[in-house]
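Everything below concerns the one structure shown next.
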Amino acid sequence: MGIAALDSEAAMSSPMMRRSRVMPSVMHSRHLLLAAALAGALTLTGCQAAEGERPDQGRPTPSEPLPEETPAEVEIPEGAPELQFVDATIGGPRDGDPLWQLLEEAAGAGDEVYLHATMHNYQPPAEGDGTVTLTSGTPDSVSITVDEGQVTAFNDVFYQITGTFEVEQLASAAFVLSTVDGEEIEELTPQTPSDEERCTQDRAEDRVNGAVYQLVDEPGTREELRLTWAGSPAVWWAIQATADALSSSEGDLATDALAEACAPYLE
38 MGIAALDSEA AMSSPMMRRS RVMPSVMHSR HLLLAAALAG ALTLTGCQAA EGERPDQGRP
98 TPSEPLPEET PAEVEIPEGA PELQFVDATI GGPRDGDPLW QLLEEAAGAG DEVYLHATMH
158 NYQPPAEGDG TVTLTSGTPD SVSITVDEGQ VTAFNDVFYQ ITGTFEVEQL ASAAFVLSTV
218 DGEEIEELTP QTPSDEERCT QDRAEDRVNG AVYQLVDEPG TREELRLTWA GSPAVWWAIQ
278 ATADALSSSE GDLATDALAE ACAPYLE
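Quick note, the sequence shown lines up with residues 38 to 304 if you use the working numbering.
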């Protein structure tokens, strides 16, 4: 059957869009062109610091204060697994990937885990006998094999795993998920604006920049940010990807992550 994707009618009321059936190389090129075209209108840019300057001196400054963002309140329903990941991951090595760490914990303890997990990759997942194997596009990422019916594709390069699973660890960076319950636990998803709403709302770039620099400066507030942005998984991925790149480059960065996440809504 292949990976699920929402039809065009459903996409009108959902942040998810139908997966385009183009070759990965063409898909990648298309997104780079879209990102370049959008860069003037909606992008995240870090400035290279001059000699003797701190990197944060080049940060964009909003012309007026931003509206306050309020984290959503999530009540865990009775019977939900204790281990949960309702989030987007940028992948990469274990120490920086909370999804990898959670799967390792679940496998080691023999506990079930609930996932509503978003990953990003230009390459489509490897297909098996009724399963797919997903790996984030970031080098040194974990690979996850799961029933194909539990994966939804959207915006060409994002994949979302949903359901309650048993976890088996095959190798340090390879896990197999066995579906226990394939349904979404909607109460666990923060009720915050969708990707489309985030990408088209007033002062979208300033809002995202604020979240990026909060994550850079105060990584301990990641959970607060997740509760504010997880309803827009592609944009939340872009925030994390940009914050990670800023941190690793000491502020010398220009990235198209937000333009890529918002491309379907700004064409």
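By construction, the Cβ of each residue, glycine as well, lies at the ideal position given by its N, Cα and C atoms. Computed from a prediction, not measured in an experiment: that's the story for all the values here.
Just the Cα atoms here: how many angstroms apart are residue i and residue j?
i    : j    : result
T216 : T199 : 10 Å
P108 : P227 : 8 Å
V213 : E205 : 5 Å
S231 : Y302 : 11 Å
D193 : F202 : 25 Å
A190 : A300 : 15 Å
A271 : A146 : 31 Å
G174 : Q160 : 8 Å
E115 : L139 : 21 Å
E255 : L207 : 34 Å
S45  : E233 : With a pLDDT of 33 at S45, under the threshold of 50, the predicted position of this residue should be treated as unreliable, and no value is reported.
P102 : R244 : 10 Å
E105 : G165 : 46 Å
Write down the C-beta distance between residue i and residue j rounded to the nearest angstrom, noting that I regard them as a contact closer than 8 Å.
i    : j    : result
W273 : H157 : That belief does not hold up - the Cβ atoms of W273 and H157 are roughly 11 Å apart, past 8 Å.
A248 : L264 : Incorrect: roughly 12 Å between the Cβ atoms, too far for contact.
R235 : S209 : About 35 Å separates the two Cβ atoms, so there is no contact after all.
T168 : D184 : 6 Å
L252 : I276 : 6 Å
Q187 : G219 : 6 Å
E142 : L120 : 7 Å
T258 : T279 : About 16 Å separates the two Cβ atoms, so there is no contact after all.
Look up residue i in the DSSP assignment and give the residues it is bridged to.
i    : result
T201 : Y151 and D218
Y309 : In the structure as shown, the chain starts at 38 and stops at 304, and residue 309 therefore has no counterpart that could be examined.
E164 : V169
I181 : L171 and F212
V345 : Any property of residue 345 remains undetermined from this structure, which presents the chain solely from 38 to 304.
Q206 : F212
Under 8 Å from any heavy atom of the ligand ZN, does the C-beta of residue i make it?
i    : result
T172 : This structure lacks the ligand ZN, and indeed carries no ligand of any kind.
Using a Cβ distance threshold of 8 Å, determine whether the segment 240-255 contacts the segment 178-195, with at least three qualifying pairs required. no
Cβ pair count under 8 Å reaching 3, the segment 148-165 against the segment 123-130: The segment 148-165 vs the segment 123-130: in contact.
Quick check: the segment 126-139 against the segment 163-178, are there 3 or more CB pairs under 8 Å? Under the Cβ criterion (8 Å, minimum of three pairs), the segment 126-139 counts as touching the segment 163-178.
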